[in-house]
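The structure appears right after this line, and notes come after that.
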Amino acid sequence: MMSRPPFVNPLPAADRQATDRQTAALLKNFILISLLVTFMALLGILTRPIGLLAVFWPANAVLLGLLIRQPHRAHWSGWLAATLAFVATDVATGSDVKTSLVLTFGNLLSIATGFYLFRRLPIAHQTLRQPMSIVWLAIYTGLASVAAGFNGMLANPLLFQGTMIGGWKFWFTAEWVNYLAILPVILTMPGWKFPTSPWRTLWRPRPAQWRIAMPFTAVLLGLLLSLVFSGPGAIAYLVPGLLWCALSYQLFTTAVLTLLTSLWTLLGVAGGWLDLGIVINRGRDLESLRLGVTLIALAPLTVASVMTARLELLQKLQYLASHDPLTGVLNRSGFMEQAEPLFGQLTGGKRSLALMMLDIDFFKKINDQHGHAAGDLVLKNFALIAGQCLRDADLLGRIGGEEFVVLVPDCDIEQARSIAQRICDASGAYNYQIANDIRLNVTVSIGVVHTSGAADSMSVLLNLADQQLYQAKAAGRNQIVLSSWPADNAHTLN
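Those letters in the sequence shown? Residues 1 to 494, per UniProt numbering, in order.
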């Protein structure tokens with residue numbers, strides 16, 4: 001009897017590993033979306049009155065937000081996982097298969113519509129960081145809700161013996177309020193960061209922290225007023241506090257508070273503890289409530305989005321005003337602004353610092369022989385080299401054509417000498433390629449002043465460092481001249 005040859009996988013090892021990784025990624029995506037949709041669907045079903053649909057349905061908005069933030073999950077494995085999770089959860093909680101399939105189709109149609117639209121927006125709009133972002137959010141979530149409404153036109157007469165128009169209105173308002181309440185939280189969610197001393201922060205707040213808490217206190221006051229002074233107008237009691245929060249807090253924080261207050265209103269009316277004078281089981285009352293909550297949510301979100309865009313613009317302007325556009329390091333005014341506080345801490349000899357003036361040797365000759373473009377390239381590369389030789393707390397600025405300044409806080413004179421030598425060596429060893437066939441070795445002269453006492457002004461130290469720089473250039477360039485203040489003999493290092 002002939003023995004069979006052993007099976008040999010025809011795929012190369014690298015291809016097999018790639019296939020295994022792809023399979024693992026698909027399985028991970030399937031499990032993640034299955035668990036997420038199942039949990040969110042169960043959460044929504046808990047708000048379902050007997051014989052009715054859920055008052056609050058977070059599953060669609062959460063899944064849409066995940067797909068927008070991580071579009072690689074919009075794979076067939078993800079859509080399959082969502083479909084099975086929707087159907088299985090609905091059937092497990094008492095619905096028949098036909099009802100589950102119809103409702104699941106509406107969920108997926110709405111999510112797919114929203115995903116298709118949002119993926120065509122720039123990232124800045126997807127994260128709600130532009131003045132018009134909330135407008136696009138309202139339009140695109142509205143269109144996704146319209147798609148859900150079309151499914152409601154089918155589902156309402158088929159499953160609940162209602163009208164097509166009634167089904168469209170019910171599904172549209174339900175989806176829109178859920179999207180506008182939940183989606184901003186997911187789209188603006190930053191990375192998690194926990195406080196290092198939470199108990200100290202909680203139990204020993206500083207006065208400034210109490211002021212920060214005042215907008216949130218205004219929201220709580222609005223919640224209390226809605227319980228005491230009930231009626232149709234109670235839905236608006238939260239608006240002043242939310243607007244104050246939008247002016248005071250980050251966009252994500254405002255989005256979370258908007259979500260919580262929307263939940264408070266919807267669940268409060270459904271649970272009976274918030275009396276707005278409406279009948280929750282009456283379709284038009286519920287639809288009106290949802291639209292009201294939706295439009296109220298737009299106000300703080302719009303203000304917070306505009307404030308975020310304004311803050312980012314101010315930060316960009318501040319950066320441009322304090323940094324050199326060619327090299328990216330601090331300019332003279334930016335350097336002085338950041339150096340002055342460190343200089344002010346010298347009183348009493350509690351801190352020490354070193355100030356260095358750096359000048360690229362024969363820079364004018366580089367410009368004359370190779371052109372200003374080559375000179376600019378040398379400046380940019382030198383700034384990178386010098387920055388790599390410094391510590392995180394050190395300051396680097398460009399204060400003239402080829403002149404740079406460095407401030408090194410909390411160092412002794414030997415540390416200052418070592419840092420200056422490191423810059424000098426790194427620049428001399430680097431080949432500055434200014435053309436395909438032209439490379440230059442560029443040296444630097446450095447004047448250093450170290451002090452642990454209070455000088456009359458920052459300008460005094462700058463002048464002293466400048467004097468040491470001229471001595472370094474007079475000594476033949478590619479030198480370091482170091483001195484201490486109060487006056488000390490200067491030391492020249494080759």
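Even glycine gets a Cβ: it sits at the ideal position worked out from N, Cα and C.
Note that the coordinates shown come from a computational prediction; the quantities given were computed from them, not determined experimentally.
What is the rounded straight-line gap between the Cα of residue i and the Cα of residue j?
i      : j      : result
Tyr432 : Cys424 : 14 Å
Thr19  : Gln70  : 21 Å
Gln17  : Phe363 : 54 Å
Phe382 : Ser352 : 26 Å
Asp96  : Leu183 : 30 Å
Leu128 : Tyr237 : 25 Å
Leu461 : Leu313 : 35 Å
Leu64  : Trp168 : 21 Å
Asp58  : Ala374 : It is worth fixing the name first, because residue 58 is Pro in this sequence and not Asp. Each residue's alpha carbon lies about 58 Å from the other.
Leu266 : Met214 : 25 Å
Val62  : Gly328 : 40 Å
Ala255 : Arg211 : 20 Å
Gln161 : Leu260 : 33 Å
Lys316 : Phe335 : 17 Å
Tyr179 : Ala112 : 13 Å
Gln338 : Trp485 : 21 Å
Ile235 : Leu43  : 24 Å
Ala304 : Arg120 : 23 Å
Met189 : Gln345 : 38 Å
Asn478 : Thr253 : 54 Å
Val91  : Leu286 : 26 Å
Ser197 : Thr294 : In this prediction, Ser197 has a pLDDT of 46, which is less than 50 and means its spatial position is unreliable; what the coordinates show is noted afterwards. Rounded to whole angstroms, Ser197 to Thr294 spans 37 Å at the Cα level.
Leu330 : Asp437 : 32 Å
Arg439 : Asp466 : 29 Å
Phe194 : Met40  : With a pLDDT of 43 at Phe194, under the threshold of 50, the predicted position of this residue should be treated as unreliable, and no value is reported.
Ala474 : Gln421 : 18 Å
Val306 : Thr451 : 47 Å
Leu225 : Val219 : 10 Å
Rank the options by C-alpha distance to the C-alpha of residue i and give the top, closest one.
i           : options                           : result
Leu247      : Arg310, Asp376, Gly271 and Thr188 : Arg310
Pro122      : Asn441, Leu187, Val62 and Asn60   : Leu187
Thr302      : Trp273, Ser452, Leu243 and Gly328 : Leu243
Gly476      : Ile446, Val146, Thr294 and Phe252 : Ile446
Thr89       : Ile45, His75 and Thr265           : Ile45
Gly233      : Ser333, Arg417 and Asp275         : Asp275
Asp412      : Ile68, Ser483 and Gln467          : Ser483
residue 557 : Gly387, Tyr140, Arg21 and Leu260  : Outside the displayed span of the chain (1 to 494) sits residue 557, for which this structure offers no information.
Arg332      : Gly428, Asp437 and Leu407         : Leu407
Leu117      : Asp285, Ala435 and Val146         : Val146
Leu154      : Leu101, Val185 and Gly142         : Leu101
Val177      : Asn60, Tyr249, Ile278 and Gln388  : Asn60
Ala426      : Gly387, Ser459 and Asn463         : Gly387
Ser457      : His75, Thr23, Glu340 and Gln318   : Glu340
Which residues does DSSP pair with residue i in a beta bridge?
i      : result
Met356 : Val406 and Val448
Ile438 : Ala435
Trp485 : Thr451
Gly397 : Leu330 and Val405
His323 : Leu330
Do residue i and residue j have their C-beta atoms closer together than 8 Å?
i      : j      : result
Ser77  : Leu26  : yes
Ala144 : Arg290 : no
Asn156 : Met164 : yes
Met356 : Val448 : yes
Ala138 : Trp171 : no
Leu342 : Pro240 : no
Phe86  : Val37  : yes
Val378 : Val444 : no
Leu263 : Phe56  : yes
Thr93  : Ala270 : no
Arg73  : Leu66  : yes
Thr99  : Leu35  : no
Ile434 : Leu390 : no
Ala416 : Ala472 : no
Thr308 : Leu251 : yes
Ile385 : Tyr430 : yes
Gly292 : Gly166 : no
Just to check, is the beta-carbon of residue i closer than 7 Å to a non-hydrogen atom of the ligand COA?
i      : result
Arg310 : Looking at this structure, you won't find the ligand COA or any other ligand, since it has none at all.
Touch check for the segment 22-37 and the segment 77-88: three-plus C-beta pairs under 8 Å? yes
Are the segment 316-330 and the segment 387-398 touching, with three or more C-beta to C-beta distances below 8 Å? yes
Are the segment 359-366 and the segment 399-408 touching, with three or more C-beta to C-beta distances below 8 Å? yes
Assess contact between the segment 224-236 and the segment 92-105, defined as three or more Cβ pairs (one per stretch) separated by less than 8 Å. Is contact present? no
Count the CB pairs spanning the segment 298-305 and the segment 124-139 that are closer than 8 Å, and state whether there are at least three. yes
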